[in-house]
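Written out below as structure tokens is the structure these notes cover.
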Ligand code: FAD
């Protein structure tokens, strides 16, 4: 006689080892199913309706975890986790039901992605990224081999170029990925500090080719735990690193790919990596690289000096300054509009990829500028953006 099939549920859970507690999921959840304490972000199974709105904004992918259960994990259980529990052993008689649940969740994910304006996917020509190789309980240790100020000495913001060397330890990254930094010490209530994410600013083969190292672009935040820790590190210091993270905001390897890069501040980090990759790997590629880079003043624009030396043939540059005395305030969206003819022609080209990186507020301004540019060229931007996202050609990473 067959064992009776038990009622199974697919429960949405968050991996505490990968989660960086950035609050994005809690802000995104339309039904307030995500909550947190001082330890973990968790999902209330009695509220979660599997709408999937939280999946794509999560910068680490920690949100995309599921357990098939007979009794859902309570909030108290989830708050106490330091790692995800293994999938519980289920009766053989339940296996058909598990498969049905899995298909149902996959279907919901697909539907939700359509509603979000297309599934966020990596460019077709991107290499396959390695993710989550190291975590909080098993971090990689890197040595600081460089820490240079990028902004001028008198400038308000202190942005640094920091080089981390992994020696013989494998730490494979692709342009567009981020790494986690574990700041030492504890919070006021004695808990270990949370991991913070930083975009890789060097090409996949390293800041110095094939030397097992990578670069970061870090802005010192007044009172910030991790940015001050990093910005003050001397050469030779050891740093605990997690990751790599990110599987969609990736450099397209196709030499025909035009890449429009739009950034402010440290959002330039991945674009330094993209440009360096193109320069090293295929300097004569037919695809165009076009950069819109916003800062308050030239002296606060990271990599201002080195960027001047990158030939226009490799990288078209548009610097936009919002606080130069005596000059009108120009933001990246203003320059996108004033370059409407070039931008519209590129957006109409199926080989064009758009990447937006930097401050959280910039996405809507850039989106409106693209809508205006497209309107002028009789193109439906809303529809084009869906097409581009589904083809892995439109990417946003803001923080
Ligand atoms: P935190 O200690 O987390 O504090 C954040 C802010 O809150 C600070 O301004 C601080 O002054 C303020 N604050 C803290 N405590 C208090 C308090 N009690 N009262 C009032 N204010 C307070 N950053 C980069 O510089 N470069 C990058 O390339 C980069 N890439 C990123 C990529 C991704 C995908 C993500 C998600 C983030 C990225 N960040 C990057 C941001 C980075 O992860 C950190 O958030 C940033 O460095 C600030 O961290 P912190 O520990 O210094 O500040």
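Residue numbers (our numbering): 57 to 455. Every residue, glycine too, gets a C-beta built ideally from N, C-alpha and C.
Take the alpha-carbon of residue 125 and the one of residue 188: they are about 25 Å apart. Taking a C-beta distance under 8 Å as the contact criterion, residue 276 and residue 231 do not qualify as a contact pair. For residue 334, the enclosing alpha helix (DSSP H) starts and ends at 325-337. Between residue 273 and residue 324, the gap from beta carbon to beta carbon is short of 8 Å.
Relative to the non-hydrogen atoms of the ligand FAD, the Cβ of residue 275 comes within a distance shorter than 7 Å of at least one.
Using a cutoff of 7 Å, the CB of residue 234 counts as near the ligand FAD, since one of the ligand's heavy atoms is closer than that. Residue range 215-221 is occupied by the beta strand (DSSP E) that includes residue 220. According to the DSSP secondary-structure assignment, residue 67 is paired through a beta bridge with 123. Scanning 234, 344, 335 for the CA closest to the CA of residue 185 turns up 234. Residue 292 is not a Cβ neighbour of residue 312, given a cutoff of 8 Å.
The alpha carbon of residue 253 has as its nearest neighbour, out of 283, 266, 240, 88, the alpha carbon of 283.
Taking the CA atoms as reference points, residue 290 sits about 12 Å from residue 216. Here the alpha carbons of residue 432 and residue 370 stand approximately 28 Å from one another. The Cβ atoms of residue 206 and residue 359 lie closer than 8 Å to each other. Bounds of any beta strand (DSSP E) do not take in residue 103, whose DSSP letter is neither H nor E. By the beta-carbon neighbour count (other beta carbons within 10 angstroms, threshold 16), residue 269 is buried. Looking only at 179, 183, 213, 227, the smallest Cα-Cα distance to residue 195 is reached by 227.
Taking a contact as a CB-CB distance under 8 Å, the pair residue 306 and residue 237 does not count as one, their CB atoms being some 21 Å apart. For residue 404, same chain residues with a beta-carbon under 8 Å away, outside a window of 5 residues either side, are 433, 435 in chain order. Shown here, residue 76 sits in coil according to DSSP, grouped into three states, outside any helix or strand.
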